[in-house]
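Numbering (our numbering), first residue to last: 575 to 794. All C-beta atoms, glycine included, are put in the ideal place defined by N, C-alpha and C. Please read these numbers as outputs of a predicted model, since none were measured by experiment.
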């Protein structure tokens, strides 16, 4: 989320001093969104299925892992703490919490409250995917505030070179494009394909973000 007019001093002061109860009372909407987000993600990652109609990809193996300190473990601990809501927990400073999911979410909400959210660039068919990730942090008005995308990246052409021979990738070489999202908890956008006869990789519909292209080295 692009922020302008960001008041860092107020943000730092609030995040450093607010307790869980302060977050609940001073940002009631954000607190309820956090509770709903934790409950839904835990349900999705535990079952391996997204909620009906979700544009997000199926939960990854990492998200479904039940290992200690894994994502499900982290979300379970957060849900338990929120459900119990003991006096000690509610009086704990956000910055001191052991529950990473709560600490991370509250940090983002406090930051957003202390800045101006920039209009979201229109990503066309990918708007729904972004909204599914940001709807927990942004209001309906903020989610609907669009701006024209000056660089839609409707077609990205990249010529991949073999670092050893400086030759184009052979036609038909398999590749995977990964666009890293700045969203805190979702899978990166991925797309697979094969190189054309001219050794070029063509990809359409990429979201904004840093792009990494992984090629099948067995073909080189």
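Could you tell me which of the options sits nearest to residue i, measuring between CA atoms?
{"i": "residue 617", "options": "632, 716, 597", "result": "632"}
{"i": "residue 590", "options": "685, 785, 764, 707", "result": "685"}
{"i": "residue 593", "options": "785, 656, 668, 682", "result": "668"}
{"i": "residue 701", "options": "658, 603, 785, 628", "result": "628"}
{"i": "residue 655", "options": "785, 773, 595", "result": "595"}
{"i": "residue 603", "options": "683, 773, 658", "result": "683"}
{"i": "residue 585", "options": "640, 681, 666", "result": "681"}
{"i": "residue 606", "options": "635, 773, 710", "result": "710"}
{"i": "residue 610", "options": "642, 643, 657, 635", "result": "657"}
Excluding five sequence neighbours on each side, which residues of the same chain lie with their C-beta closer than 7 Å to the C-beta of residue i?
{"i": "residue 789", "result": "734, 743, 747, 749"}
{"i": "residue 785", "result": "751, 753"}
Please go through the same chain and pick out, in chain order, the residues whose beta-carbon is closer than 6 Å to the beta-carbon of residue i, but skip the five residues on each side of it.
{"i": "residue 608", "result": "679"}
{"i": "residue 577", "result": "689"}
{"i": "residue 622", "result": "633, 638"}
Going along the chain, which residues of its own chain have a beta-carbon closer than 8 Å to the beta-carbon of residue i, five neighbours each way excluded?
{"i": "residue 614", "result": "625"}
{"i": "residue 619", "result": "633, 637, 638, 645, 646, 649"}
{"i": "residue 587", "result": "none"}
{"i": "residue 652", "result": "612, 673, 674, 675, 676"}
{"i": "residue 770", "result": "745, 776"}
{"i": "residue 699", "result": "779"}
{"i": "residue 666", "result": "593, 594"}
{"i": "residue 717", "result": "694, 705, 708, 709"}
{"i": "residue 641", "result": "647"}
Would you list the residues sitting across from residue i in a DSSP beta bridge?
{"i": "residue 748", "result": "768"}
{"i": "residue 691", "result": "577"}
{"i": "residue 786", "result": "752"}
{"i": "residue 720", "result": "694"}
{"i": "residue 667", "result": "593"}
{"i": "residue 763", "result": "753"}
Measure the beta-carbon distance from residue i to residue j and round it to whole angstroms, keeping in mind my assumption that it falls under 8 Å.
{"i": "residue 697", "j": "residue 704", "result": "6 Å"}
{"i": "residue 719", "j": "residue 695", "result": "Residue 719 to residue 695, Cβ: 11 Å. No contact."}
{"i": "residue 575", "j": "residue 712", "result": "7 Å"}
Quiz item: Taking contact to mean at least 3 C-beta pairs separated by less than 8 Å, is the segment 648-665 in contact with the segment 689-705?
Solution: no
Quiz item: With contact counted as at least three CB pairs below 8 Å, one residue from each stretch, are the segment 595-604 and the segment 577-586 in contact?
Solution: no
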